[in-house]
C-alpha cells in the first residue's frame, strides 16, 4: 500500500525472508504451539503432550504455507526448560524451518537460547523477545549464545503511544539508559524484527497499526505483531460464537498487514486455516495496490500463486 | 448515580464495575474481592472475582474496579501465579510500596510492572481502602470461600466517596507537515511522525518556509 523512502531491510532466517517494501514479499505467518492452556499439552511444566496432534498442527501450517506462498515459522512456547527440551526434540523431527523460542519466564528463555546454540540450531532460531524486561542476566545468556535473530518488543508503559514506542527502541525513553536496538546490537543480534506490542482494545491496540508504519519509515526494519491478542482480550467478543471470533481474528491480521506489517504472530497454530487465506488475500490486495509503484512481487507471492 | 459511603450502602456508582474484564460480579455490597491470578476458578461470596495474568494493565483494572466500590475492604489473592508476569507479587508490591516517578511498581519481580493509566491518588486510595490477604498458590475453592466468608463478617465500608478512575486523555500535540518519508504514488506523500498526508509540492513548500 505504501512505499517508504527509507531503504527497507530484508531479514533472512533459515531461508525465510521478512521485510522489504509493502507488496514486495509475502507475509511471514508464525503460529504458536504448546502455548499456555494448549489442549494438546498434558503437563506444561514437564512438556508432556499429544505428539500426533502436534504433528498434525505443524503439518497443516506447512501445507497452507506451501499452498498460499506465505512462509511460516513455528512459534515454540514453553513454560520451563524441561518442557522446551522435549518440544525441541520433537520439532526437529517434523519441522525444518525457522522457529521462535518463547516463554514468559526469562530463565527459561535464556536456557533455551543456550541449548539451541549447543545443539547447532541457532541459525534457525528467533528469540522472543528483547524488551524493557530484559535484564543483565538474560542479556548475558543471549550474548553467550549463537543466536543472532530477535524480536524487539517496543512496549513502553511509561510513555504509551507511537512516540513512546519509538523512544524505547531508539533512546530507551525515560526508563532505560539505552535504546533496545543498540542494546540488542551489543549482544550480537543482527536480524531485528520489531513488534509494537499490541495492547487490549480500548487500552491502545490501534496505536500498533500507526506505529508499524512509523517504525518502517524511520528504522527500515521488518515489523509485525501479535494483533490476535487484541481480539482475544476483548470481553465483548468473548461471548460471541466461534465463527464471529474467527472473522475478527482474520480481519485484525489483515489490517495489521495493510498497516505495513511484514509478519504476523498469529497466535494459536489452530488458527492457521483462518489466517493464511486472510493474509494471502491481504498480500494480493497490497501487491496490486503498489503494482504501478515499480514494486514487483516474486514468483512465490500469493499474487502469483492464487489468482 | 454517585453514592456517598457513610455506612449506608451501596457505596458505588452504577454501573459497577466500571472497567470491563474477565471477571464475575457477585453481590456488589460484599466487602471482599478475589483475584485468582492464573487459575480459572470462581469461588462464590465475593463482590467480584476474576483472574489477573498481567503485571501492568491487569493490575490497573483491579485497582480501578476495587476503589470504585467502597464496600470492598479486603482483596484476597489466590490461585497460581502467572509465570514470568507475577501479577500477585506485583499487587502485593504496589500495595506495600506504590510506584516511582516513571510509573514502575516498586519492588515487583514481574517482567514489566508499570502503572500507566492510574493517577497517584488512585494508588494511594487502593493502599488505604483495602487490605490484602496473601493466599497465592491456594486453588481449593472451599478454602477460598471460607476466607471470603471469614473476612466478609468484619468489613465496614470505606468512609469516602467511591473513587472513579477517569481515563487519561492522550496529550494532543501540535502537528505540522515535515518531510514525507512514505509515498503513496501520484506525488502524494506522508510524514509518518505527524501522520499527515499531502501532495509532494506542497510538502516541499511547507518544509522550506
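Protein chains in written order, with our numbering: chain H, 1 to 307; chain V, 308 to 516. Note that beta-carbon positions come from the ideal geometry of N, C-alpha and C, so glycine has one too. Bear in mind that the values here come from a model prediction, so they are computed numbers and not experimental data.
Neighbours of residue 491 (chain V) across chain H, judged by C-beta separation under 7 Å: 2. Per the DSSP secondary-structure output, residue 340 (chain V) pairs in a beta bridge with V:355, V:382. Under the 8 Å Cβ criterion, the segment 321 to 329 of chain V counts as touching the segment 353 to 364 of chain V, having at least three qualifying pairs. The C-beta distance from residue 362 (chain V) to residue 410 (chain V) rounds to 12 Å, too long to meet the 8 Å contact threshold. In the pairwise beta carbon analysis, the segment 239 to 254 of chain H is classified as not touching the segment 38 to 55 of chain H: fewer than three pairs are separated by under 8 Å. Using a Cβ-Cβ cut-off of 9 Å, residue 456 (chain V) is close to nothing in chain H; its nearest Cβ partner there is about 28 Å away. The three-state reading of DSSP puts residue 57 (chain H) in helix, counting H, G and I together.
Contacts with chain H (Cβ-Cβ distance below 9 Å) from the segment 397 to 414 of chain V involve 408, 409, 410, 411, listed in chain order.
Apart from the 5 residues on each side of it in sequence, residue 437 (chain V) sits with its Cβ closer than 7 Å to the Cβ of 373, 379, 380, 381, 382 in its chain, given in chain order. Approximately 12 Å separates the beta-carbon atoms of residue 13 (chain H) and residue 262 (chain H); this is outside 8 Å, ruling out the contact. For residue 419 (chain V), a Cβ of chain H is located within less than 8 Å of the residue's own Cβ. Out of H:293, H:283, H:294, H:291, the CA that lies nearest to the CA of residue 301 (chain H) is found in H:283. In this structure, DSSP gives residue 331 (chain V) an extended state, which the three-state scheme calls strand. The residues 31, 33, 40, 269, 270, 272, in chain order, have a CB closer than 8 Å to that of residue 57 (chain H) in the same chain once the five nearest residues on each side in sequence are set aside. In the three-state reduction of the DSSP assignment, residue 266 (chain H) falls in the strand class. Residue 363 (chain V) has a beta carbon lying within less than 8 Å of a beta carbon in chain H.
Of the residues assessed, residue 233 (chain H) falls on the buried side of the cut-off, its CB having 16 or more other CB atoms within 10 angstroms. Taking 8 Å as the cut-off, the Cβ atoms of residue 208 (chain H) and residue 166 (chain H) do not count as close.
Residues of chain H whose Cβ lies closer than 8 Å to the Cβ of residue 328 (chain V) are, in chain order, 235. Here DSSP, grouped into helix, strand and coil, assigns residue 125 (chain H) to strand. Interface residue (Cβ-Cβ distance to chain H less than 8 Å): residue 333 (chain V) is not classified as such. Using a Cβ distance threshold of 8 Å, residue 398 (chain V) and residue 422 (chain V) do not count as a contacting pair.
Residue 423 (chain V) has a beta carbon lying within less than 8 Å of a beta carbon in chain H.
Under the criterion of beta carbons closer than 8 Å, residue 260 (chain H) and residue 231 (chain H) do not qualify as touching, at roughly 19 Å. According to the DSSP assignment, residue 255 (chain H) belongs to the alpha helix (DSSP H) that extends over 242 to 258.
From the beta-carbon of residue 502 (chain V), the residues of chain H found nearer than 7 Å are 210. In the structure shown, residue 66 (chain H) adopts helical secondary structure according to DSSP, grouped into three states. According to the DSSP secondary-structure assignment, residue 191 (chain H) is paired through a beta bridge with H:149. With a cutoff of 8 Å on beta-carbon distance, residue 9 (chain H) and residue 220 (chain H) are scored as near each other. Along the segment 369 to 397 of chain V, the positions whose C-beta sits under 8 Å from a C-beta of chain H are 389, 390, 391, 392, read in chain order. Contact of residue 213 (chain H) with chain V by beta-carbon distance below 9 Å involves 489, 497, 499, 502.
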